[in-house]
Structure formats: C-alpha cells, structure tokens
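**Student:** Below is the structure I would like to discuss, written out as structure tokens.
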Amino acid sequence: MAYHLSIFVENKPGKLENITKILSEKNINIYGIYVASAGEFGVVKILTNNLEKAYQTLKQEGFTVSKRKVTIVLLPDKPGEMHKLLTILSSNNINLEDCYGFVLEAKAQAAIVLEAEKYPLIEDVLHSKGYKLLPAEKLEEL
Amino acid sequence: MYWEENIETAEASELKKLQLRLLNQTIKQAKKSPFYQNFNLNEVGSLEEFQEKVPFTRKQDLRDQFPYGFLTTDLEKSVRLHSSSGTTGNPTVVFHTKKDIQEWTNQVARCMYMIGMRKGDVFQNTMGYGLFTGGLGFHYGAEALGALTIPIGPGNSKRQIWFMETFGSSVVHILPSYALRLYSHFEELKLDPKSLKLKIFIIGSEPHSEEMRQQIEQLFGVKAYNSYGLSEVCGPGVGFECQHQCGIHIWEDYYLVEIIDPQTGKVLPDGEEGELVLTTLKREAMPLLRYRTGDLTRATSNKCACGRSHIRIDRIKGRADDMLIINGVNLFPIQIEKTIMGIPGVGKNYLIEIKKENYMDKLYIKVEVDKEIFEGTLAGLTQLQNRITEELRSEITVSPIVQLSEPGSLPVWEGKAKRVNDLRDK
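First to last, the sequence lines map onto chains A and B. Numbering-wise, the first sequence is residues 3 to 144 according to our numbering. Numbering-wise, the second sequence is residues 5 to 430 according to our numbering.
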C-alpha cells in the first residue's frame, strides 16, 4: 500500500506548472503524474518520493489536495505483462479509478500505479498471483 | 431585557395611536421642505387616510432634488451629512439635526441591547467610517450602550484578528461576505476563532441568505444577527432581528411600515410579499413620506416570542433593482446563494455571470469548492457539479452552467460583495 496525491485544478494554462514549481523548489521528486479532466476542471494525481512533505507544502500553498490510497505493482518491462495484469483484475471484477505507470529499469522492471475502489481486495488478489507490490517506504529510495 | 420596555412591548393599539400623532407632526414638518411644499398635504385622521392621500416618494426624487430639496430646516440646524456614492447619477444626500443623530443613536442602541449586547462588551466595528452610515451609526449606538468601541474600520484582516485576540472583542459588526473571507485568514494563522471571546456578529449591508448566516455562526461559534437599515431614513438601526431570529423588527415608533405591490402601488395585507415602504416618524431635517425602499419582503404584525409588538419583516429577498431576468424568467441572486450554500462541498465564495450567446441568456455560476472536504476523485467533483446544477434548476427554473473553481480563485471585495456580473449588452 502507498499513497499518491490528488489535487483539484481548473483546466487552464499554467495550473500544472504551479504545482511542479512548488515541488521542485522543495526538492521533491515526481515519479508519475496523471491528469483526469472533466472539461473545465480536473484532478491531477502525483506520485512522489516524499508524500508528507508534498502534501503539507501544497496544502500550505492553498491547493485543494487529498491523499489517496494506491497499489503499486512491479512488473517485468516486456510485451504482454500489462495485459496479463488487467485480465487478472477484470476477472476478479475490480474496477480501476486511475492507472498509470513508469519504467524503473528499461527492458527489466516497470511500476504500475493502481487506484481501485476495492481495497484491500486488489492487493490480496495480486499477492495470491505472485506479484510484488511496492510498499510506501520504498518510494523514498527508488 | 429591553432597552425601552414601555415602547418596545406597547400594545398594537397604543402603537397605532402614537404613530398617528407622530405622523401628523411629520407631515407638518415635511411641508417645510421645497419638495413636499408642492403637495397639498394636510393633517390626516387615520393611517388609511394617509395611505389614500399621500403619494410615494422615490429614490429618483431624492436625486432630482439634490442637494437641498428635502431639507426642512435651516442648514445651520444640520450637524451631519451622509451620502450615497452616486455612481448612477446624482448622489442621494441625507442631512441630520442634532436630534436626528440622537434618535438614530437610540435606535441602534435599542437594536444592540435586543441581541444581548451590554456595557462591558467589546465592540469591533469593521464597517467603513465616513459617508457610509454603517460605520458612524453603529459607533454612536455602541457608545450610547456603554460598550468599549473599537473603530477599526474595514480591511487588513491580520490586524482585525490581532484586535479580536488582544482586546477580547465580543461583538463584531461585519459584512457577511467579509466574515467568510476573514475566516480563511484565521485558518492561515492556524487560530480557531472559537478560542477567542467572540459572541455576537452583527451582519448586514448586503443581502445574504439564511444558509450564509448559519455558515458564519458555525465557523466562528457566534450568534449572527441580521441588521437592516438604509441611509435615506437614517442608516442602520431601522430594524434588527431579536434573539429569536424570526424576522427583523422594525421600530414602529420611528417608522410607519407598508408593503405594496411594486407594479400597482396597492397596499398589501400582512404576509404578502412586496416592496417595503417606510415613512419616518421622528426625523427633523429630512422627513420622508411613503419612501419606496426598493427592498422586497413580507411583514407580519403577530406578536413575537421576545415580547416585542413591533412589526417584523422577512429577510430581504432582494432589491427590486437586483432582480435578474434570464430568458424571461425572474430571479434574485439571493435565491442562488441560498441554494448553493446549502450544499456540502461548496466553499466560501461564488460569482454569477450572465452572458448573451446566440441570442440566448446564459447563466454561469462559478463556485469555489471546499478544500476541507475534497476527497480526491473526479467522480466526486462531477457529482458535486451535477448536484449544484440540479438544485439550482429546481429553485430558479433556469438551467445554469456551473463551473467549479479553486478556493481563493474568485474575486474578493473590500466593501460590499459584487457577486453579479451581467455581461449582456444593456
């Protein structure tokens, strides 16, 4: 189990930049960023190496921000792995709120960030299938 | 419990007798002004006769008669002048004799006493001093009551909070829109207003909904009372809610209250909604007869649980001039506020914009979200947006375009909030 941040933003030029500027000034590393838009507004999901610092900083700067539970799965970086993972989730009737990924080592290992309503079922299922999950404390030292 | 028990709890029949006597004095006084000289005004035998024979006075009359047309006394007898901003033509100017100021002060003190303010309270007046009546009117009333009065005036939120904290302000006179903004400064300072000595907020000067009052009461841990007044007849103190918060008592020993149909001018019975019309009963320098306030409300003469017999009016629904017409449908901005402020997830500020698109009026409502209860999903936000749209549609029968905004992103105002931005060509 880990957390990423969810931030409410209006869909206007410069809004994302405001967030990345603040994080860069605080020397916070971004692993992954994902934008879900509903036209005039949206939410930005950000996975960082320092959840608490990022959360407190953005809150102090007046952002509308909250922490969301995510499951981070480690996969081999090769064709078919993502499909295999999604098949397991769908066959267990697990719906995804958000899904994005990043490569840890090219051709070797990738991390997929999953936000699902059915928590902790998603983690039980993935454990039982032999997947390795990335715990929150590991995020500090990727 | 009462500032002036005899008059505040007088029987209705006694009040009527008093009003008739004061009314005839007022007519006599009014006839000395250049404006009322033009009318054939005579003593009346009943309030009904007064309504039949005396025409309305309108704001436009005050503008047309600028500056001295309503003055009944020599200018030397006047000790004070207040004025509106006059952004739309001549300003309206109001003169006060020494006695007018004393009577005005008494009305404000009576209102403050009614809501539980006493000698020993610390009163912080955040309203503007100067030509605007909200500052000086309350200042004099609070001093007459014997409260320690802080004439801080508007703005500089950090200093406002510092005074509240340092001197233990217990009663604050504040614009409702500013109260909500001030709360965000408390949040920034990580200071809970409930930990201070705040007890009573007096809110007024701009129309606001019951929902907004409740929000202010909850955020600050105070009782918030609605104050009503208009500078044309003196300023604040014309009427106030009592501790039962069930309507605004208008002091009938100072004003004759009528509710009329704004279209036909017909006097309406108790309980029907229309325009508030006031006749001053004690004003010396500038008495006004049947003055059309433009404020829409309802009145009831039923005795209040507080024991006062003076007539009560509903929270002002809006000014007749504030009414918006969107594709032929009439609505008031306060209806929009009342609806959105009642929905969880809505923040502290909003803005109404009306545009013309393809020959149709489009109503845009920009609403700040409440960052404290944001749970982080897009679905939650679209649900909030849909709920606001649906509830507004059912309240105002116009389909608005609701836009969610980040907290703190909408404009704030130093004085009265200007929440309606009509961008249609006039």
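A virtual CB, placed ideally from N, CA and C, is assigned to each residue, including glycine. Everything numeric in this text was worked out from a predicted model, so none of it was measured.
In this structure, what does DSSP give as the bridge partners for A/Ile35?
**Tutor:** Sequence index remark: in the first sequence, residue 35 of chain A carries index 33 (1-based). A/Ile48.
**Student:** For a cutoff of 7 Å on Cβ pairs, would you count B/Lys375 as touching chain A?
**Tutor:** For the purposes of this step, residue 375 of chain B is identified with residue 371 of the second sequence, where counting begins at 1. Interface residue, yes.
**Student:** Do you know offhand how far A/Glu125's Cα is from A/Gly44's?
**Tutor:** By 1-based counting over the first sequence, the position of residue 125 of chain A is 123. By 1-based counting over the first sequence, the position of residue 44 of chain A is 42. Their backbone Cα atoms lie some 27 Å apart in a straight line.
**Student:** Please list the residues of the region 233 to 251 of chain B that have a C-beta atom closer than 8 Å to any C-beta atom in chain A, keeping them in chain order.
**Tutor:** Under the 8 Å Cβ criterion, the region 233 to 251 of chain B contributes no residue.
**Student:** Could I get the ranges of all uninterrupted beta strand (DSSP E) runs contained in the region 152 to 231 of chain B, with 3 residues as the minimum, in chain order?
**Tutor:** With a minimum length of 3 residues, the continuous beta strand (DSSP E) runs that stay inside the region 152 to 231 of chain B are 152 to 154, 175 to 178, 204 to 208.
**Student:** Give the residues of chain A in contact with B/Leu385, contact being defined as C-beta atoms less than 9 Å apart.
**Tutor:** Taking the first residue of the second sequence as 1, we reach residue 385 of chain B at position 381. Result: Phe10, Ala40, Phe43, Gly44, Val45.
**Student:** Whole angstroms is fine: what's the gap from B/Phe39's alpha carbon to B/Asp104's?
**Tutor:** Start at 1 with the first residue of the second sequence, and residue 39 of chain B comes out as number 35. Start at 1 with the first residue of the second sequence, and residue 104 of chain B comes out as number 100. Each residue's alpha carbon lies about 20 Å from the other.
**Student:** For B/Trp166, does the count of other Cβ atoms within 10 angstroms reach 16, so buried, or fall short, so exposed?
**Tutor:** Taking the second sequence and counting its residues from 1, the one referred to as residue 166 of chain B is at position 162. Counting Cβ neighbours within 10 Å, B/Trp166 comes out exposed, since fewer than 16 surround it.
**Student:** Would the region 244 to 262 of chain B count as touching the region 66 to 81 of chain B if we require 3 or more Cβ pairs under 8 Å?
**Tutor:** Touching, no.
**Student:** What residues in its chain sit with their C-beta under 7 Å from that of B/Val226, if we drop five residues either side in the sequence?
**Tutor:** For this step, residue 226 of chain B is matched to residue 222 along the second sequence. The residues are Leu202, Lys203, Ile204, Phe205.
**Student:** Can you tell me which of B/Glu399, B/Arg391, B/Met290, B/Phe336 puts its alpha carbon nearest to the alpha carbon of B/Lys35?
**Tutor:** Numbered from 1 along the second sequence, position 31 holds the residue referred to as residue 35 of chain B. Out of B/Glu399, B/Arg391, B/Met290, B/Phe336, B/Met290 has the C-alpha closest to the C-alpha of B/Lys35.
**Student:** Looking only at its chain, what residues have a beta carbon closer than 8 Å to the beta carbon of B/Arg428, apart from the 5 residues adjacent to it on each side?
**Tutor:** By one-based count along the second sequence, residue 428 of chain B stands at place 424. The answer, listed in chain order, is Ile358, Lys359, Lys360, Asp365.
**Student:** Which residues, in order along the region 396 to 423 of chain B, keep a beta-carbon less than 8 Å from a beta-carbon of chain C?
**Tutor:** Chain labels in this structure do not include chain C; the protein chains are A and B.
**Student:** Given this structure, state the Cα-to-Cα distance separating B/Phe136 from B/Thr13, to the nearest angstrom.
**Tutor:** For the purposes of this step, residue 136 of chain B is identified with residue 132 of the second sequence, where counting begins at 1. For the purposes of this step, residue 13 of chain B is identified with residue 9 of the second sequence, where counting begins at 1. So the alpha carbons of these two residues sit roughly 31 Å apart.
**Student:** For B/Glu379 and chain A, any beta-carbon pair shorter than 7 Å?
**Tutor:** Reading the second sequence from its first residue, position 375 is the one you call residue 379 of chain B. Closer than 7 Å: yes.
**Student:** Is B/Cys3 helix, strand or coil when you go by DSSP?
**Tutor:** Because chain B in this structure spans residues 5 to 430, residue 3 of chain B falls outside the shown range and cannot be described.
**Student:** I want to verify the contact list: residues of chain A whose CB lies under 9 Å from the CB of B/Leu367, in sequence order.
**Tutor:** Locating residue 367 of chain B in the second sequence gives position 363, where the first residue counts as 1. What B/Leu367 touches in chain A: nothing, since even the nearest Cβ is about 15 Å away.
**Student:** For B/Glu372, does the count of other Cβ atoms within 10 angstroms reach 16, so buried, or fall short, so exposed?
**Tutor:** Within the second sequence, residue 372 of chain B is the residue found at index 368, counting from 1. With 16 or more Cβ atoms within 10 Å of its Cβ, B/Glu372 is classed as buried.
**Student:** So that I know if they touch, is there some Cβ in chain A lying closer than 7 Å to that of B/Leu193?
**Tutor:** The residue given as residue 193 of chain B occupies position 189 in the second sequence. Closer than 7 Å: no.
**Student:** Does any CB atom of chain A fall closer than 7 Å to the CB of B/Leu223?
**Tutor:** As a first step, residue 223 of chain B is located in the second sequence; it is residue number 219 there, counting from the start. No - not a single Cβ of chain A is within 7 Å of the one on B/Leu223.
**Student:** Please report the straight-line C-alpha distance between A/Ser8 and A/Ile48, rounded to a whole angstrom.
**Tutor:** Position 6 of the first sequence holds residue 8 of chain A. Position 46 of the first sequence holds residue 48 of chain A. Cα to Cα, A/Ser8 sits roughly 7 Å from A/Ile48.
**Student:** Measure the beta-carbon distance from B/Ile338 to B/Phe244 and round it to whole angstroms, keeping in mind my assumption that it falls under 8 Å.
**Tutor:** Residue mapping note: residue 338 of chain B aligns to position 334 of the second sequence, counting from 1. Residue mapping note: residue 244 of chain B aligns to position 240 of the second sequence, counting from 1. Actually they do not touch by this definition, with Cβ atoms about 19 Å apart.
**Student:** DSSP state of A/Asp126, grouped into three classes?
**Tutor:** Counting from 1 along the first sequence, the entry for residue 126 of chain A is found at position 124. In the structure shown, A/Asp126 sits in a helix (DSSP, three-state: H, G or I).
**Student:** Quick one: is B/Leu186 near chain A, going by C-beta distance under 7 Å?
**Tutor:** What you label residue 186 of chain B is simply residue 182 of the second sequence in a count that begins at 1. No, its Cβ sits nowhere closer than 7 Å to a Cβ of chain A.
**Student:** Buried or exposed: which applies to A/Lys14, given that a residue is buried once 16 or more other Cβ atoms fall within 10 Å of its Cβ?
**Tutor:** Within the first sequence, numbered from 1, the residue matching residue 14 of chain A stands at position 12. It is exposed - the Cβ of A/Lys14 has fewer than 16 other Cβ atoms within 10 Å.
**Student:** Mind pulling the chain A residues with CB within less than 7 Å of B/Val388?
**Tutor:** Sequence index remark: in the second sequence, residue 388 of chain B carries index 384 (1-based). Note that residue 388 of chain B is Leu in the sequence shown, not Val. Those do not exist, as B/Leu388 stays about 10 Å from chain A at its closest Cβ, beyond 7 Å.
**Student:** Does the beta carbon of A/Gly16 come closer than 7 Å to any beta carbon on chain B?
**Tutor:** For this step, residue 16 of chain A is matched to residue 14 along the first sequence. So, not an interface residue.
**Student:** Counting only runs of 3+ residues fully inside the region 251 to 325 of chain B, write out the beta strand (DSSP E) ranges in chain order.
**Tutor:** As far as the region 251 to 325 of chain B is concerned, its whole beta strand (DSSP E) runs of at least 3 residues are 252 to 254, 259 to 264, 278 to 284, 295 to 301.
**Student:** State the DSSP-derived secondary structure class of A/Asn20, mapped to helix, strand or coil.
**Tutor:** Looking up residue 20 of chain A in the first sequence gives position 18. Looking at A/Asn20 - three-state DSSP - the assignment turns out to be helix.
**Student:** Run down chain B in chain order and give the residues with a C-beta less than 7 Å from the C-beta of A/Thr59.
**Tutor:** The residue given as residue 59 of chain A occupies position 57 in the first sequence. Under the 7 Å cutoff, chain B gives no residues; its nearest Cβ is about 15 Å from A/Thr59.
**Student:** Which of the three DSSP states is assigned to A/Tyr102 in this structure?
**Tutor:** Within the first sequence, the letter at position 100 stands for residue 102 of chain A. Of the three classes helix, strand and coil, the one that applies to A/Tyr102 here is strand, per DSSP.
**Student:** So is A/Gly64 in contact with chain B if we call contact Cβ pairs under 7 Å?
**Tutor:** Taking the first sequence and counting its residues from 1, one reaches residue 64 of chain A at position 62. At least one chain B Cβ lies under 7 Å of A/Gly64.
**Student:** Run through chain B and tell me which residues come within less than 8 Å of A/Ser68, C-beta to C-beta.
**Tutor:** As a working note, residue 68 of chain A is residue 66 in the first sequence. Simply Phe378, Glu379, Gly380.
**Student:** Can you grab the Cα-Cα spacing for the pair B/Asp196 / B/Glu376, in whole Å?
**Tutor:** Stepping through the second sequence from its first residue, residue 196 of chain B is reached at position 192. Stepping through the second sequence from its first residue, residue 376 of chain B is reached at position 372. When rounded, the distance between both Cα atoms is 15 Å.
**Student:** Leaving out the 5 sequence neighbours to the left and right, which residues in its chain are closer than 6 Å to B/Thr109 when beta-carbon positions are compared?
**Tutor:** Against the second sequence, residue 109 of chain B aligns to sequence position 105. Excluding sequence neighbours, B/Thr109 sits near Tyr144, Gly145, Ala148.
**Student:** Which residue marks the beginning of the alpha helix (DSSP H) containing B/Asp426, and which one marks its end?
**Tutor:** Locating residue 426 of chain B in the second sequence gives position 422, where the first residue counts as 1. Taken as a continuous stretch (DSSP letters only), B/Asp426 belongs to no alpha helix (DSSP H), being part of the beta strand (DSSP E) at 424 to 426.
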